[in-house]
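Enquirer: Residue numbers (this note's numbering): 16 to 167.
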């Protein structure tokens, strides 16, 4: 498609990963996930892997990139400290991607992480959890809209 001059935009998941590899050939990357792959903060496709229900595509696991994002926000907002953030991330990374749910991660963190910190993070996830893949997808759609407006 790129060789034929087709504009290709990638974001959110494998599109972000591919854009980080192919942007020098003209593919456009959009969003934080693309930026993290491009900068080397993310390397593995495991970061964006998601297990979902096959009929309605309902997510059954949480992508590691979303877990990482929410941990960073929780740390920045003072919900948890750096040590707790690193421990939770290590637990999340240790799980095979279809098994990565906040419930499993938090259950595995019991006894490893301070109980109060765990409660605060659990509450944060219940109330303020964000979906970086979704946010990046929305940004990509806005980019497509902006491109259309310019070319029409």
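Where is the CB? At the ideal position from N, CA and C, for every residue including glycine. Source: prediction; values computed, not measured.
Using 8 Å as the threshold, is the segment 117-137 in touch with the segment 53-63, meaning 3 or more CB pairs across them?
Expert: Flag = no, the segment 117-137 and the segment 53-63 do not touch.
Enquirer: In chain order, which beta strand (DSSP E) runs of at least 3 residues are fully inside the segment 35-102?
Expert: Listed in chain order, they are 43-45.
Enquirer: Check whether the Cβ atoms of residue 49 and residue 25 sit closer than 8 Å, and answer yes or no.
Expert: Cβ distance < 8 Å, so residue 49 and residue 25 count as in contact.
Enquirer: Nearest-angstrom Cα distance between residue 38 and residue 45?
Expert: When rounded, the distance between both Cα atoms is 11 Å.
Enquirer: Would DSSP call residue 26 helix, strand or coil?
Expert: Of the three classes helix, strand and coil, the one that applies to residue 26 here is strand, per DSSP.
Enquirer: For the pair the segment 151-166 and the segment 110-117, tell me if three or more CB-CB distances fall below 8 Å.
Expert: Result no; under three Cβ-Cβ pairs closer than 8 Å.
Enquirer: Rounded to whole angstroms, how far is the Cβ of residue 137 from the Cβ of residue 147, which I believe are closer than 8 Å?
Expert: About 19 Å; that fails the 8 Å criterion.
Enquirer: Less than 8 Å between the beta carbons of residue 172 and residue 94, yes or no?
Expert: Beyond the ends of the chain as shown, which are 16 and 167, falls residue 172; an answer cannot be given.
Enquirer: Could you tell me the alpha carbon to alpha carbon distance between residue 150 and residue 163, rounded to whole angstroms?
Expert: Using only the alpha carbons, I get a separation of about 20 Å.
Enquirer: Hey, could you find the ends of the alpha helix (DSSP H) residue 120 is sitting in?
Expert: Run containing residue 120: 117-124, per the alpha helix (DSSP H) assignment.
Enquirer: Check the Cβ-Cβ distances between residue 77 and every residue of chain D, and say whether any is below 8 Å.
Expert: Structure shown: chain D not included; a single protein chain is present.
Enquirer: Mind reading off the beta-carbon distance from residue 104 to residue 86? Whole number of angstroms is fine, and I expect it under 8 Å.
Expert: 6 Å between Cβ atoms; contact.
Enquirer: Taking residue 142 as the reference, give the member of 75, 66, 89 and 31 with the closest Cα.
Expert: Here the closest residue by C-alpha is 89.
Enquirer: CB-CB under 7 Å to residue 139, same chain, minus the five flanking residues each way: which ones, in chain order?
Expert: So the list reads 89 and 94, once near-sequence residues are dropped.
Enquirer: Does the beta-carbon distance from residue 67 to residue 75 come in below 8 Å?
Expert: Contact: yes.
Enquirer: How close, in whole Å, do the beta carbons of residue 28 and residue 52 come, if the pair is a contact with beta carbons under 8 Å?
Expert: At roughly 10 Å, the Cβ-Cβ gap does not stay under 8 Å, so residue 28 and residue 52 are not in contact.
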